[in-house]
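These notes are about the structure you will find just below.
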Amino acid sequence: MSGSGRPRTSSFAEPPGVPGAAAASTGSAAAVGSSTGKSGVPPASGGSSSGCSNLKLARDSGKVTTVVATPGQGPDRPQEVSYADIKVIGNGSFGVVYQARLIDSQEMVAIKKVLQDKRFKNRELQIMRKLDHCNIVRLRYFFYSSGEKKDEVYLNLVLDFVPETVYRVARHFNKAKSIIPIIYVKVYMYQLFRSLAYIHSQGVCHRDIKPQNLLVDPETAVLKLCDFGRSKLRAMARGQQKIQSQQKNAKKAAEKKKSQGADQKTAAKAALVHTCPVCRTQMPDPKTFKQHFESKHPKSPMPPELADVQA
């Protein structure tokens, strides 16, 4: 991987029997993660059920929609973005996720639409604009649209479209009463831990690691971490705690080291727990796993500045 976090592309053959990219047409995770609720929701029969005026979902999915959007990375230079072939692929309490095709590049994208509270900045948007890594789902653009109700505003995140999740892949092999080839387990876990190492270096706590939030492209075996809706920046947590007292440099350095260790241990434990079904198609014994993990990673006191992150 280069210094900019761009991938060194490696191609892997599709695992035997794993649903390929064609599954995207029947509904998939596609940067939705755990927030999608039930994937594979059929296309909307009319306009957007959540009432979006600027994002008008036509009865004819081939209709081209043009919006003024801001790039996910780089300077805030709004530009026109056109897309078509819009259909619903997931919904839940958070909002709705659509699949669409960009007119300029003909690439498929996922558009995650959430209700925006005008009183606050959207935390997921703030975090995703900060991240740029080959194993993190990329924020291509974002734009706002109005709803049916007065003063109702929606934030639309235009994300990479990835057709499958680790959860669906594991479920497929489980139904077939077989185990995922170990090479794919290694490739997926390597990319997962690489994504965690990157977000930790950026001061981001994901707080929702699970198979549904691990997107996988069966054609390339590339894994991308998604759904930063529950994530927090350490700077945000410290601000919410309103730490006013200034500490000595040595003490601050020690606490920072402890907080980083606690974050990484928590994320590592979550990653191991949720990738066990991939390796064994079943969960490990909780007591045995806990004893083994804690023997390798003794508990350390929780730093005060992480109290809000843990909540």
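Going left to right, the sequence shown walks through residues 1 to 311 as the UniProt record's numbering numbers them. Beta carbons: idealized from backbone N, C-alpha and C, even for Gly.
Residue range of the unbroken alpha helix (DSSP H) whose run includes residue i
i      : result
Gln126 : 123-130
Ile182 : 182-201
Neighbour-count burial assignment, residue i, 16 or more Cβ in a 10 Å radius
i           : result
Ile182      : exposed
Val222      : buried
Pro75       : exposed
Ser82       : exposed
Lys38       : Because Lys38 sits at a pLDDT of 39, beneath the cut-off of 50, its placement in the model cannot be relied upon, and the following sentence gives the value as read from the coordinates. Exposed, since its Cβ has fewer than 16 Cβ neighbours within 10 Å.
Ser295      : exposed
Phe120      : exposed
Ala170      : buried
Thr165      : buried
Ala100      : buried
residue 312 : Summary: the structure shown does not reach residue 312, with the chain confined to residues 1 through 311, and so no result is reported for it.
Sequence-distant residues of the same chain with beta carbon closer than 7 Å to residue i, five excluded per side
i           : result
Lys224      : Asn135, Ile136, Val137, Asp160, Val162, Leu215
residue 394 : Nothing about residue 394 can be read from this structure; the chain reaches only from 1 to 311.
Glu80       : Thr66, Val68
residue 398 : Residue 398 cannot be examined here, being either before or after the span of the chain that is shown, 1 to 311.
Ser28       : Only weak support is given to the placement of Ser28: the predicted model assigns it a pLDDT of 46, under 50, and the value that follows is read from those uncertain coordinates. So the qualifying residues of the chain are Ser39, Ile89, Pro163, Glu164.
Beta-carbon contacts of residue i that lie in its chain and below 6 Å, excluding the five residues immediately before and after
i      : result
Arg234 : Gly203
Gly5   : Confidence is the limiting factor: at Gly5 the pLDDT is only 44, short of 50, which leaves the residue's position unreliable and the question unanswerable from this model.
Ser245 : Residue confidence for Ser245 is low, a pLDDT of 46 falling below 50, so the modelled location carries little weight; the figure read from the coordinates is stated next. Answer for Ser245: no residue qualifies.
Check whether residue i and residue j have beta carbons under 8 Å apart
i      : j      : result
Ala69  : Phe143 : yes
Leu131 : Ile199 : yes
Gly95  : Leu115 : yes
Cys205 : Ser178 : no
Pro211 : Tyr167 : yes
Residue nearest to residue i in terms of C-alpha spacing, selected from the options
i      : options                        : result
Val97  : Val109, Tyr167, Ser105, Asp104 : Val109
Ile111 : Leu102, Asp117, Gln212         : Leu102
Phe228 : Leu125, Gly92, Gln99           : Leu125
Ser93  : Asn156, Lys113, Ala100         : Lys113
Ala197 : Gln106, Ser105, His133, Arg123 : His133
Tyr141 : Val153, Met128, His172, Ile209 : Met128
Gln73  : Val158, Ile180, Asp208         : Val158
Gln156 : Lys149, Ser201, Asp104, Leu139 : Looking at the sequence itself, residue 156 is Asn, so the reference to Gln does not match. Among Lys149, Ser201, Asp104, Leu139, the Cα nearest to that of Asn156 is on Leu139.
Close beta carbons around residue i, own chain, < 8 Å, minus the five adjacent residues each side
i      : result
Arg77  : Thr70, Pro71
Tyr154 : Ser50, Cys52, Leu55, Gly95, Lys113, Val114, Leu115, Gln116, Tyr144, Ser145, Ser146, Gly147
Tyr190 : none
Lys248 : Annotation note: pLDDT 49 at Lys248 (below 50); position unreliable, no value reported.
Lys186 : none
Asn122 : Val114, Gln116, Leu155
Gly3   : Reliability fails at Gly3, whose pLDDT of 45 lies under 50, so the model's placement of it is uncertain and no value is given.
Ser105 : none
Glu107 : Arg101, Phe161
Ala24  : For Ala24, the predicted structure reports a pLDDT of 38, less than 50, and the residue's modelled location is therefore unreliable. A value from the coordinates is still provided. Counting only Cβ-Cβ distances below 8 Å, and skipping sequence neighbours, we find Ala30, Gln99, Met108, Phe161, Pro163.
Delimiting residues of the beta strand (DSSP E) encompassing residue i
i      : result
Asn174 : Segment 166-175 is the alpha helix (DSSP H) holding Asn174; no beta strand (DSSP E) there.
Lys87  : 79-92
Ala69  : 65-71
Ser146 : 139-146
Asp117 : That residue, Asp117, is in no beta strand (DSSP E); it is neither H nor E in DSSP.
Gly229 : Neither: Gly229 is in no beta strand (DSSP E) and is coded neither H nor E.
Gln106 : Where Gln106 is concerned, there is no enclosing beta strand (DSSP E), given that its DSSP letter is neither H nor E.
Asp160 : 153-160
Asp217 : 214-217
Residue i Cβ short of 7 Å to the ligand SAH heavy atom set
i      : result
Asp132 : As for the ligand SAH, it is missing from this structure, which has no ligand bound.
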